[in-house]
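Everything below concerns the one structure shown next.
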Amino acid sequence: MTTLPAGADRRSLKRRAVVASTVGTTIEWYDFFLYNTAAALVFGPLFFADSEAGGVLLAFSTQFVGFAARPIGAAIFGHYGDRIGRKYSLVATLLLMGGATVLIGCLPTYASIGVLAPILLTLLRVLQGIGVGGEWGGSVLMSMEWGHRKQRGLMAAWPQAGVPIGLALGTYVVWQFSGPEFLEWGWRVPFLASVVLIGIGLWVRLTVLESPAFAQVKTSGKVAKLPLAETLRTQWRDVLKAMFVRTAEQAPFYIFTSFVLAYGTQQLDLERSDLLLYLILAACLGIISVPFFGWLSDGLGRRLVYGIGVVLTGLYAFPYFALLNTRTGGLILLGIILGLIFHDMMYGPQAALISESFGTGIRYTGAGLGYQLASITAGGPAPLIATAILAGTGSTTWISIYIIICAVVSMIALLMMHPRPPEADEADYASEEDHSTVSGAART
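For the sequence shown, my numbering begins at 1038 and goes up steadily by one.
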């Protein structure tokens, strides 16, 4: 049992929860996106003995394995997050994800150990996927459940900002070591550097207190015995809606951030360092735009802001590649920035949109499972599909059509989504009550 720190009030506790969630997600996504970047640039020639296009396709296949493992992580850590608490589940996901990333940086290549190299790479990618799969639900809920219900869009968007921060940080470190030695040893440095971030993340997360909403559930004795079973029995439709509503956000995002590196360097003969720099600049804007659109959804409504993002992403499918194909630096940068801004219009309100569909007792499991299943149906396959289309047709036309189809799927799911009424879950009021209530939650 922990006690409330001397002099702490609700505002400071809320701020601490937001910082811990955002720092943790930044580290987790730094690790995850680092792999995506390396898959596009170096894993093909280093870990797979195949042609250039075939090597990239195989590298993206191991990337997909990580996506496929994410729902497993959501189920495992969702169970403990809804049974024991958000805090310690988040500590476990950080250690799992960070440890796998550091080990990838130590792996021998195909030239050294043959077929064992891609096998070990794939196994470590699975561990990464399980870690990040359990991360999202806990980090978002830790922040959201400390905030007032009228601020949930903004509160849940702060951990979401860990995505552009992690993308910018991971891409920047790769950019720093993208010189002539990159294929030889430079690519390992960003992975090994993760050990420093793990230490920082652990220190921050161990100082945060459990969310008042979950503490209220635990105090009342209403903790779900089998959160996964209860979720699938009572709210399986909401899980599917959450999965499909992410299609327009997930698939285009990995085309805009991962596939673009392979397409730009191999098809357009663009400099790798230039593309990485453009991604860094675009991701930095996301640090502002993701919380902004989360905040905007508190005033205008989640579905309206999200829906605008879906429509703009679909309309942008053809102009995006038209801008890239100019081979002009300024227009390429504009193309990447616009793609990520339209993504952020969905990603900002997304956490609250999905989480508000589930009650506190099964929210970690339900929201996490719905969110992570989209990694199998949308995020993971996207670079594979785009690479296969390009190899088969020599054109990006059907990649753009694929993006439009993703937008249509998300719009249908969005129109079917409806948040739970506030009165349906008394625990959601815990973070809005007086100081003594929050103190009780912290002690729990």
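Think of the CB as a built atom: it goes at the ideal place given N, C-alpha and C, for glycine as much as any other residue.
For clarity, every value in this text was computed on a predicted model and none was experimentally measured.
- In this chain, the alpha helix (DSSP H) harbouring GLY1301 covers 1297-1303.
- DSSP places SER1326 in the helix class (H, G or I) of the three-state scheme.
- For GLN1213, the number of other beta carbons within 10 angstroms of its own is below 16, and it is reported as exposed.
- Contact between the stretch 1280-1290 and the stretch 1344-1362 is present: three or more C-beta pairs spanning the two stretches fall below 8 Å.
- About 6 Å separates the beta carbon of ILE1113 from that of GLY1171, a gap short enough to meet the 8 Å contact definition.
- In chain order, MET1382 place their CB closer than 7 Å to the CB of ILE1345, counting only its own chain and leaving out the 5 sequence neighbours on each side.
- In the three-state DSSP reduction, VAL1276 falls in the helix class (H, G or I).
- Each residue's CA atom was taken as its position, placing PHE1084 and TYR1291 some 21 Å apart.
- When only Cα atoms are considered, VAL1245 and LEU1132 end up about 16 Å apart.
- The C-alpha of PHE1281 is placed about 7 Å away from the C-alpha of ALA1411.
- In this structure, the straight-line span from the alpha carbon of CYS1143 to that of ALA1137 is close to 10 Å.
- Burial check for THR1365: the Cβ neighbour count within 10 Å stays below 16, so the residue is exposed.
- Cβ neighbours of GLU1247 within its own chain (closer than 6 Å, five residues either side excluded): GLY1122 and LYS1124.
- In this structure, the beta-carbon distance from ILE1373 to LEU1322 does not fall below 8 Å.
- Under the three-state reduction of DSSP, LYS1259 is assigned to coil, being neither helix nor strand.
- For the pair ALA1299 and LEU1078, the Cα-to-Cα distance works out to about 7 Å.
- When C-beta atoms of the stretch 1323-1331 are compared with those of the stretch 1190-1206, three or more pairs fall below 8 Å, so the two segments count as touching.
- The stretch 1387-1412 is shown to contain whole alpha helix (DSSP H) runs of 4 or more residues at 1400-1411, in chain order.
- With a cutoff of 8 Å on beta-carbon distance, SER1180 and VAL1055 are scored as near each other.
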